[in-house]
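Engineer: Under our numbering, the final residue of the sequence shown carries the number 347; numbering is consecutive throughout.
Backbone N, C-alpha and C fix where the C-beta goes; we use that ideal spot for every residue, glycine too.
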Amino acid sequence: MTPGAPVALPRDGQLTAGPVDASRFRRVLGEFCTGVVVITAQAGGQPVGFACQSFSSLSLDPPLVLFCPTRTSRSWPVIAQAGHFGVNVLSAEQREISSVFGRPGREKFAALDWAPSPNGAPLLAHALAWLDCTVETVHEAGDHHVVVGRVDGLAAGAATSPLLFHRGHYTTTAEQPDPWLPHPDLRTEPDSWF
């Protein structure tokens, strides 16, 4: 390809410089498929949590993750006050749980099985994975916060498909072997995935 040659952008028009409006930003970034987690904590003996797509591993040494709550989140100030949080990686079968935690309300935990982590954060039954974290730093970034957490403990649940979010809808995927990977079990070489 020749540097400076035009790039074909058939679905969304031409790539242009200038202001980026929120609806187009959301639509274009919706092409990036994400997993879905529920961030949880307990404060004053009351569990709190919210569904989150803006979650990522950050560092192996030390073990750090990040998530990005909106500045208008009612759950985030409670989680910040607790100083600890849990990350529940949802499976494809937990779509309704994601919907419950994606809406405002106080009774999100009413019909759920959960147990407290060593740090006290609610860990939801049947999640794909759990992380028990301590808040390390919080950065302001536009209309969100970027929360960096140190991972104090973690575990994997049942081996099933993850719940994914793509183009504004829930989806899932069937696992297919990758001929380029030397080991079919990705967990045998975690360093290659950071």
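Quick one: Cα of GLY203 to Cα of LEU217, how far?
Structural biologist: Before going on, a small fix: residue 203 reads as Phe here, not Gly. Rounded to whole angstroms, PHE203 to LEU217 spans 20 Å at the Cα level.
Engineer: Considering only the beta carbon of each residue, do LEU317 and VAL190 sit closer than 9 Å?
Structural biologist: no
Engineer: Ordered along the chain, which non-local residues of its own chain (more than five positions away) have a Cβ less than 8 Å from that of CYS205?
Structural biologist: VAL189, VAL190, VAL191, ILE192, PHE220, CYS221, PRO222
Engineer: May I have the straight-line CA-CA distance separating ARG177 from ARG320, to the nearest angstrom?
Structural biologist: 12 Å
Engineer: Taking 8 Å as the limit between beta carbons, can you name the residues of its chain near ASP344, skipping five residues before and five after?
Structural biologist: Only weak support is given to the placement of ASP344: the predicted model assigns it a pLDDT of 46, under 50, and the value that follows is read from those uncertain coordinates. Cβ neighbours of ASP344 beyond the five flanking positions: LEU213.
Engineer: Classify ASP266 as buried or exposed, calling it buried when 16 or more other Cβ atoms lie within 10 Å of its own Cβ.
Structural biologist: exposed
Engineer: Does the separation of the CB atoms of TRP283 and GLY258 fall below 9 Å?
Structural biologist: no
Engineer: Going by CA-CA distance only, name the one from VAL299, LEU211, ALA280, LEU307 that's closest to SER244.
Structural biologist: Nearest to SER244 by C-alpha distance, out of VAL299, LEU211, ALA280, LEU307, is ALA280.
Engineer: How about SER210 and THR187: are their beta carbons less than 9 Å apart?
Structural biologist: no
Engineer: Under a three-way DSSP split, which group does SER230 fall into?
Structural biologist: Correcting the residue type first, residue 230 is Pro in the shown sequence and not Ser. Helix.
Engineer: Return the chain-ordered ranges of every alpha helix (DSSP H) run that is complete within the stretch 210 to 255 and spans a minimum of 4 residues.
Structural biologist: As far as the stretch 210 to 255 is concerned, its whole alpha helix (DSSP H) runs of at least 4 residues are 228 to 235, 248 to 254.
Engineer: Leaving out five residues before and five after SER270 in sequence, what residues of the same chain have Cβ atoms less than 6 Å from its Cβ?
Structural biologist: GLY239, LEU276, ASP285
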